[in-house]
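**Q** I have a structure here, written as structure tokens, and I will follow up with some questions on it.
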Amino acid sequence: MENIIEIKDVEMHFNMCKEKIDNLKEYFIKIAKRQLMYEDFIALDKVNLEVQRGEVLGIIGYNGSGKSTILKVISGILKPTKGIVKVNGTIAPLIELGAGFDLDLTARENIYLNGSVLGFSKKMMQDCFDDIVEFSELKDFLDIPMKNYSSGMVARIGFAVATMVKTDILIVDEILSVGDFLFQQKCENRINNLMAGGTTVIIVSHTLDQIRRLCSKVLWLDKGKVKMLGDTNTVCDAYEGNLK
Ligand SMILES: Nc1ncnc2c1ncn2[C@@H]1O[C@H](COP(=O)(O)OP(=O)(O)O)[C@@H](O)[C@H]1O
Ligand SMILES: [Mg+2]
């Protein structure tokens with residue numbers, strides 16, 4: 010089988026300022042004197058991963074373990090500090106709830122905005138606008154600013170837009186956990202349909218049942234390192250054993 014994603018020895022470092030600085034003047038003096046102390050924070054540490062076309066990969070791990078960071082590296086939002094990332098296809102990244110939305114705009118406006126962020130043309134969005142609205146079940150709320158939406162409503166629109174146009178890879182970061190049960194089921198059905206059509210899916214979720222139902226393979230990240238990678242049930246069992 011062909012690898013659609015290949016990650017070799019990837020590291021992502023963030024510079025974090027260690028000192029507490031009271032004012033801007035002090036900050037510039039320290040910069041000028043090169044006295045600022047930075048801590049090199051390693052969010053991803055020598056991560057290796059291969060995903061085959063059509064696979065559904067789950068990523069699990071505690072908060073801050075690097076799950077969103079690896080998704081950003083895969084979608085090209087972040088350039089890794091070290092290592093190689095190869096992606097052989099188009100991506101619809103649903104990274105953070107509301108990313109790609111301007112919450113002062115209405116849902117109608119945001120559907121077009123989000124579509125263009127994902128690289129879909131206006132014509133494409135016009136063609137699938139009604140489907141997006143129908144899937145999200147928010148027809149009566151289309152013309153109010155999205156700042157009045159609940160997080161579940163934002164997730165509905167985000168998921169509907171990202172999955173409306175077929176891409177090779179769909180990335181879903183914790184979005185499925187905010188919706189209500191019925192909507193989660195609807196999303197799972199759609200993911201299953203996309204999978205049947207050959208789409209590669211990467212899902213980050215704290216709901217292990219969801220991971221077990223959907224994924225063919227699971228990556229467990231711990232403090233930026235690969236703790237375990239392999240068969241879904243084996244990795245989920247080990248993770249759950251670790252929580253007890
Ligand atoms: N842009 C950034 N600058 C500094 N630190 C970051 C940045 N993005 C993420 N981090 C840090 O990297 C670690 C991993 O973050 P993240 O990938 O969001 O974790 P997860 O999604 O698993 O909860 C966290 O400690 C977070 O604070
Ligand atoms: Mg995250």
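Mapping of the sequence shown onto the working numbering: position 68 corresponds to residue 77, and the numbering continues sequentially without gaps. Quick reminder that beta carbons are idealized off the backbone N, C-alpha and C, glycines included.
CA-CA distance, VAL181 and ASP31?
**A** Along the sequence shown, read from residue 1 onward, the residue named residue 181 stands at position 172. Along the sequence shown, read from residue 1 onward, the residue named residue 31 stands at position 22. Whole-angstrom Cα-Cα distance: 39 Å.
**Q** What is the rounded straight-line gap between the Cα of VAL94 and the Cα of GLU11?
**A** Sequence index remark: in the sequence shown, residue 94 carries index 85 (1-based). Sequence index remark: in the sequence shown, residue 11 carries index 2 (1-based). Approximately 15 Å, taken between the alpha carbons.
**Q** Taking the DSSP output, what are the residues bridged to MET21?
**A** Residue 21 sits at position 12 when you count from the first residue of the sequence shown. Answer by DSSP bridge pairing, in chain order: LEU53.
**Q** Identify which residue in LEU87, CYS137, TYR158 has its Cα closest to the Cα of LEU114.
**A** If you number the sequence shown from 1, residue 114 lands on position 105. It is TYR158 whose Cα lies nearest to the Cα of LEU114.
**Q** Nearest to ILE141 by CA position, among PRO154, LYS156, ARG117, MET25, is which residue?
**A** Numbered from 1 along the sequence shown, position 132 holds the residue referred to as residue 141. The option with the nearest alpha carbon to ILE141 is ARG117.
**Q** Which residues are close to ligand 1, meaning CB closer than 5 Å to any heavy atom, in chain order?
**A** PHE23, ALA52, ASN72, GLY73, SER74, GLY75, LYS76, SER77, THR78
**Q** Per DSSP, what kind of secondary structure is ILE180 in: helix, strand or coil?
**A** The residue you call residue 180 lines up with position 171 of the sequence shown. Reduced to three states, the DSSP call for ILE180 is strand.
**Q** So who's on the other strand from ASN12, going by DSSP bridges?
**A** Your numbering for residue 12 matches position 3 in the sequence shown. DSSP, once it has assigned bridges, lists GLN61 as partnering ASN12.
**Q** Which term fits GLU143, buried or exposed, when burial requires 16 or more other beta carbons within 10 angstroms of its beta carbon?
**A** Position 134 of the sequence shown holds residue 143. Exposed: under 16 other Cβ atoms inside 10 Å.
**Q** Would you tell me roughly how many angstroms separate the C-alpha atoms of ILE291 and ILE200, rounded to the nearest one?
**A** Within the shown structure, residues of the chain are numbered from 10 to 253, placing residue 291 beyond reach of any answer.
**Q** Looking at C-beta atoms only, is the number of pairs between the stretch 210-225 and the stretch 61-71 that lie closer than 8 Å three or more?
**A** yes
**Q** Name the two residues that bound the continuous alpha helix (DSSP H) containing LYS76.
**A** Counted from its first residue, the sequence shown places residue 76 at position 67. Following the DSSP letters along the chain, one finds LYS76 inside the alpha helix (DSSP H) bounded by residues 76-84.
**Q** Does the distance from the CB of CYS245 to the CB of LEU217 come in under 8 Å?
**A** Here residue 245 refers to the residue found at position 236 when the sequence shown is read from its first residue. Here residue 217 refers to the residue found at position 208 when the sequence shown is read from its first residue. Yes. Within cutoff.
**Q** What alpha helix (DSSP H) runs, 4 residues minimum, are completely inside the stretch 131-212?
**A** 131-145, 160-173, 190-205
**Q** Who does ILE100 pair with in a DSSP beta bridge?
**A** By 1-based counting over the sequence shown, the position of residue 100 is 91. Note: ILE100 sits in a beta bridge opposite ILE178.
**Q** Quick one: using the 10 Å Cβ neighbour count with 16 as the cut-off for buried, is GLU183 buried or exposed?
**A** The residue you call residue 183 lines up with position 174 of the sequence shown. With 16 or more other Cβ atoms within 10 Å, it is buried.
**Q** ASP240 lies in the beta strand (DSSP E); which residues open and close that run?
**A** Mapped onto the sequence shown, residue 240 falls at position 231. Here the beta strand (DSSP E) through ASP240 covers 234-240.
**Q** What number of angstroms, rounded off, separates the C-alpha of PHE129 from the C-alpha of MET21?
**A** Numbered from its first residue, the sequence shown carries residue 129 at position 120. Numbered from its first residue, the sequence shown carries residue 21 at position 12. Roughly 29 Å separates the two Cα atoms.
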